[in-house]
Amino acid sequence: MPKHSRDSSPAVDGVDHKSSPSGLRSVNSTGSPIVSLGVSKPLRPPRPSRPPPPTPRRPTSSPASSSNGSAPADGSDGQSGSDTPVRTPASGPSSTPDSSPSAGSDRNSTPASSSGATATRQPTITPVVTPRVPAVNAGPLPPGWEQRVDQNGRVYFVDHVEKRTTWERPEPLPPGWERRVDQMGRVYFVDHITRTTTWQRPTMETVRNYEQWQHQRSQLQGAMQQFNQRFIFGETLNALYLYMTYICLLLNEKPLPEGWEMRFTVDGIPYFVDHNRRTTTYIDPRTGKSSLENGPQITYVRDFKAKVQYFRFWCQQLSLPQHIKITVSRKTLFEDSFQQIMSFNAQDLRRRLWIIFPGEEGLDYGGVAREWFFLLSHEVLNPMYCLFEYAGKDNYCLQINPASYINPDHLKYFKFIGRFIAMALFHGKFIDTGFSLPFYKRILNKPLALKDLESIDPEFYNSLIWIKDNDIEECGLEMFFSVDKEILGEITTHELKPGGGDIQVTEENKEEYIRLVAEWRLSRGVEEQTQAFFEGFNEVLPQQYLQYFDAKELEVMLCGMQEIDLADWQRNTIYRHYARSSKQIIWFWQFIKEMDNEKRMRLLQFVTGTCRLPVGGFADLMGSNGPQKFCIEKVGKENWLPRSHTCFNRLDLPPYKSYEQLKEKLMFAIEETEGFGQE
Numbered sequence: 171m172p173k174h175s176r177d178s179s180p181a182v183d184g185v186d187h188k189s190s191p192s193g194l195r196s197v198n199s200t201g202s203p204i205v206s207l208g209v210s211k212p213l214r215p216p217r218p219s220r221p222p223p224p225t226p227r228r229p230t231s232s233p234a235s236s237s238n239g240s241a242p243a244d245g246s247d248g249q250s251g252s253d254t255p256v257r258t259p260a261s262g263p264s265s266t267p268d269s270s271p272s273a274g275s276d277r278n279s280t281p282a283s284s285s286g287a288t289a290t291r292q293p294t295i296t297p298v299v300t301p302r303v304p305a306v307n308a309g310p311l312p313p314g315w316e317q318r319v320d321q322n323g324r325v326y327f328v329d330h331v332e333k334r335t336t337w338e339r340p341e342p343l344p345p346g347w348e349r350r351v352d353q354m355g356r357v358y359f360v361d362h363i364t365r366t367t368t369w370q371r372p373t374m375e376t377v378r379n380y381e382q383w384q385h386q387r388s389q390l391q392g393a394m395q396q397f398n399q400r401f402i403f404g405e406t407l408n409a410l411y412l413y414m415t416y417i418c419l420l421l422n423e424k425p426l427p428e429g430w431e432m433r434f435t436v437d438g439i440p441y442f443v444d445h446n447r448r449t450t451t452y453i454d455p456r457t458g459k460s461s462l463e464n465g466p467q468i469t470y471v472r473d474f475k476a477k478v479q480y481f482r483f484w485c486q487q488l489s490l491p492q493h494i495k496i497t498v499s500r501k502t503l504f505e506d507s508f509q510q511i512m513s514f515n516a517q518d519l520r521r522r523l524w525i526i527f528p529g530e531e532g533l534d535y536g537g538v539a540r541e542w543f544f545l546l547s548h549e550v551l552n553p554m555y556c557l558f559e560y561a562g563k564d565n566y567c568l569q570i571n572p573a574s575y576i577n578p579d580h581l582k583y584f585k586f587i588g589r590f591i592a593m594a595l596f597h598g599k600f601i602d603t604g605f606s607l608p609f610y611k612r613i614l615n616k617p618l619a620l621k622d623l624e625s626i627d628p629e630f631y632n633s634l635i636w637i638k639d640n641d642i643e644e645c646g647l648e649m650f651f652s653v654d655k656e657i658l659g660e661i662t663t664h665e666l667k668p669g670g671g672d673i674q675v676t677e678e679n680k681e682e683y684i685r686l687v688a689e690w691r692l693s694r695g696v697e698e699q700t701q702a703f704f705e706g707f708n709e710v711l712p713q714q715y716l717q718y719f720d721a722k723e724l725e726v727m728l729c730g731m732q733e734i735d736l737a738d739w740q741r742n743t744i745y746r747h748y749a750r751s752s753k754q755i756i757w758f759w760q761f762i763k764e765m766d767n768e769k770r771m772r773l774l775q776f777v778t779g780t781c782r783l784p785v786g787g788f789a790d791l792m793g794s795n796g797p798q799k800f801c802i803e804k805v806g807k808e809n810w811l812p813r814s815h816t817c818f819n820r821l822d823l824p825p826y827k828s829y830e831q832l833k834e835k836l837m838f839a840i841e842e843t844e845g846f847g848q849e
């Protein structure tokens, strides 16, 4: 059965690159590098009118290029580091990209001396015509980068520092930044403007985001300074009133209730924000007094995308250099991942992940990791393992199973799952299924309320509301402060408070009963499991970094968007060797329109490695080097199957002759293939 290829971009030096046996370098008596081709060919002497070129200094090998001698030490655009052209055998260009000739011609080569003997007649060289590397950009590449061409004539770029490849030409460092190497050979970057250093390679986007954050911070500080100056220099009664109000607030020693925050308007008037209900008011919840009589409600607005960018910024600050390798088998994915993740120090899980499936050839530049998160989440959250259960009969959101204790190691597994979920948030990956809304509130360390019951058990919630709104004594209901629970077919009685089995519920104490029974239904004996989960979670990602999100926002961050917007997909798709008007592209979108949402997600998983979308939809799709839009490229013949490159979100679509053929090949590719191969 044919397999599609993922991440088949050419390998990087030091990873899977094999240098050609031809093109071995040596140095002549002048210090210029020459090429030994294994065949004795005559060399033509230099013209009398032109002296030999000056002997260049051999560049010092950097740690990034020392892993392979064929990598350019100066990080140039595929140049050899010498003025003497590098020559190839007459049979054709070498298999290694850096054995192709440099920009110079075949003239003016430095003659070689043989063992110090003086030759009376210099031989000549037969010119060899080699294919030119297509020019992508006239600008120089950043240090440590190299431009190459694969066997299909496509230009790609090699980063010898981080040992990765990309189709996109790398951008130079932002102004004011410098790349340096420490004594241990580790690459870091210096910002001469702010006089700071970082392990992460800066881009124009990250610098711009940081500048915006600084600008907003300075604006806030300026507003607070202006606010304070108003109290000091104000001469009107209004200023005096605001000053007295502010002093009264400071003298109020009671802290604000959980979920509340005090803010100030542009006029310096204090108001209070209830993050639990998403409302604002001028009434102080501690005193019940209003800072403005009959003050209007202020619209509560929160920029989710800005909060996500702020969270990603802190994840970059917490990340560590280098990467860790996680080798797992598809057949024993759960157990292998458990052993691997728990064997690492929790801090190491913040490094870049390098996922390896034995027997599958491919480099993980993000696509393999996305699939690993997706597949492993499907395994660990499967209710068949008895670690989690569905929240209700018709609610397929997950919550911790109180009967998980049948597995003697269940607490270790919950700690592992806590690490895994934190890794997904930290590295920006999505999982297959989601948790119940109260569970997300527990992750955010927010208090649970009676209203949260409605999302997991509407019938139980409605029964409590009925008890709250009706007189239970008139109805003749006989209830006690105890509930019955069933675990593994065994029914036991749980007292909501000490001696609750003998305390009857009345009109006077029914509010306490509703509160206690709601707390029991939302937790019901999973305290140990929850504690183990958060122990593993906080080791990787402390919960305070999520404090600005609510439960629904956290669900979107972890699970992505469910429905696929076809218009957004088309709008954020790019094409290579195709046009929007090409008949194959028209057929492709016609086929997508005929699909249901489930098949669209499977196609999306085939190309990107996951069926989930980021917060911003297709516009925010990420590749191995950052933002990477969905791409359709014309590759292959009409009898070929489509191929996918999950690290670059690219679909190789052959030029099929009919709509039926395109539909058949695409369906076969997304339904019958799995794993990674090599072109």
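Once you know that position 73 of the sequence shown is 243 in the numbering used here, the rest is easy, because the numbers rise by one and skip nothing.
For every residue, glycine included, the Cβ atom is placed at its ideal position computed from N, Cα and C.
Just measuring C-alpha positions, the residue of 553, 747 and 710 sitting nearest residue 803 is 747. Residue pairing by DSSP places residue 357 opposite 351 in a beta bridge. Under the DSSP assignment, residue 633 falls in the alpha helix (DSSP H) whose first and last residues are 628-639. Residues of the same chain with a CB within less than 7 Å of the CB of residue 500, apart from the 5 flanking positions on each side, are 527 in chain order. When the five nearest sequence neighbours on each side are left out, the beta carbons in the same chain lying within less than 7 Å of the beta carbon of residue 754 are those of 748, 823, 825, 826 and 832, in order along the chain. Distance from the CA atom of residue 708 to the CA atom of residue 756, rounded to whole angstroms, is 48 Å. Under DSSP, residue 822 forms a beta bridge with 803 and 813.
Annotation: residue 652 is outside any alpha helix (DSSP H); the continuous beta strand (DSSP E) that includes it extends over 652-657. Membership of residue 778 in the alpha helix (DSSP H) is indicated by the continuous run 767-778. From the listed residues 740, 761, 311 and 841, the smallest Cα separation to residue 801 is found for 740. Using a Cβ distance threshold of 8 Å, residue 792 and residue 784 count as a contacting pair. For residue 315, the pairing in a beta bridge is given by DSSP as 329. Per DSSP, reduced to three states, the secondary structure at residue 649 is coil, with no helix or strand assignment. Just so you know, the alpha carbons of residue 816 and residue 484 end up roughly 26 Å apart. Between the alpha carbons of residue 834 and residue 811 lies a gap of roughly 10 Å.
Here the alpha carbons of residue 451 and residue 383 stand approximately 27 Å from one another. With a 10 Å radius around the Cβ and a threshold of 16 neighbouring Cβ atoms, residue 567 comes out buried. CA-CA distance, residue 828 to residue 777, rounds to 22 Å.
Beta-bridge annotation (DSSP): residue 569 is paired with 559. Fewer than three pairs of CB atoms, one per stretch, sit closer than 8 Å, so the stretch 601-609 makes no contact with the stretch 579-588. Residue environment analysis places residue 839 among the buried positions, since at least 16 neighbouring C-beta atoms fall within 10 angstroms of its C-beta. Burial is judged here by how many other beta carbons sit within 10 angstroms of a residue's own beta carbon; residue 779 has at least 16 and is buried.
Rounded to whole angstroms, the Cβ separation of residue 634 and residue 687 is 7 Å, and the two are in contact under 8 Å.
By the Cβ neighbour-count rule, residue 671 is exposed, with fewer than 16 other Cβ atoms within 10 Å of its own. Ranking 650, 681 and 680 by CA distance to the CA of residue 668 puts 650 first. Its chain contains 558, 568 and 603 as the residues whose beta carbon lies nearer than 6 Å to that of residue 551, once the 5 sequence neighbours on both sides are disregarded; these appear in chain order. Taking C-beta atoms as the reference points, residue 549 and residue 503 count as a pair closer than 8 Å. By the CB criterion at 8 Å, residue 599 and residue 543 fall inside the cutoff. Residue 490 counts as exposed, since fewer than 16 other C-beta atoms from the protein chains shown sit within 10 angstroms of its C-beta.
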